[in-house]
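Residue numbers (the UniProt record's numbering): 1 to 119.
Ideal Cβ positions, reconstructed from N, Cα and C, are used throughout, including at glycine.
What you are looking at is a predicted structure, and each value in this text was computed from that prediction instead of being measured.
One structure is given below, encoded as structure tokens.
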Amino acid sequence: MRKIARFIAPALVATLGLSAIAPTIAEAAPRHDVRHGPNREAKVRSDISSLRAKIDRAAARRTISQREAANLRKDTAEIQRLYGTYSRGGLNAREIQTLESRINRVEAALRADHRGPRR
């Protein structure tokens with residue numbers, strides 16, 4: 001009986017010890033589908049509303065035509081719809097990258113339209 005206790009006791013202690021640190025190991029491990037916090041989502045929301053304001057300002061100053069403004073507003077509305085679809089379960093890194101890329105494209109188009117045609 002003592003021989004069995006000699007083997008079982010250390011095995012039991014080791015098992016209990018591993019089960020106590022297992023959650024901390026799992027928490028430290030990187031996740032592949034990490035959901036980003038509200039700060040990152042708030043920045044994307046802010047970028048979208050800022051983009052709308054920039055388009056409205058450029059249209060009001062007549063630095064872009066109404067047609068250009070309408071096209072840029074349509075693109076921004078599409079980004080907003082995509083954001084709504086993605087944000088239902090929280091945004092992951094790929095979704096944020098997609099949204100930021102589209103926002104950057106519309107901003108680049110706004111800058112290009114703002115400068116007017118090249119001569």
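*Would you decide whether residue 125 is buried or exposed? Buried here means 16 or more other CB atoms lie within 10 Å of its CB.*
The question about residue 125 has no answer here: the residues shown for the chain are numbered 1 through 119.
*Roughly how many angstroms lie between the CA atoms of H114 and Q97, to the nearest whole one?*
25 Å
*Measure the alpha-carbon distance for S65 versus A58 and round it to whole angstroms.*
9 Å
*For E78, count neighbouring C-beta atoms within 10 Å of its own C-beta (all shown protein chains included) and say buried if the count is 16 or more, exposed if not.*
exposed
_Contact defined as beta carbons within less than 8 Å: I believe E107 pairs with V44. What is the distance between those atoms, to the nearest angstrom?_
Between V44 and E107 the Cβ distance is about 13 Å, and since that is not below 8 Å, they are no contact.
_Run of the alpha helix (DSSP H) containing residue 152, from where it starts to where it stops_ = No answer is possible for residue 152: the residues shown for the chain start at 1 and end at 119.
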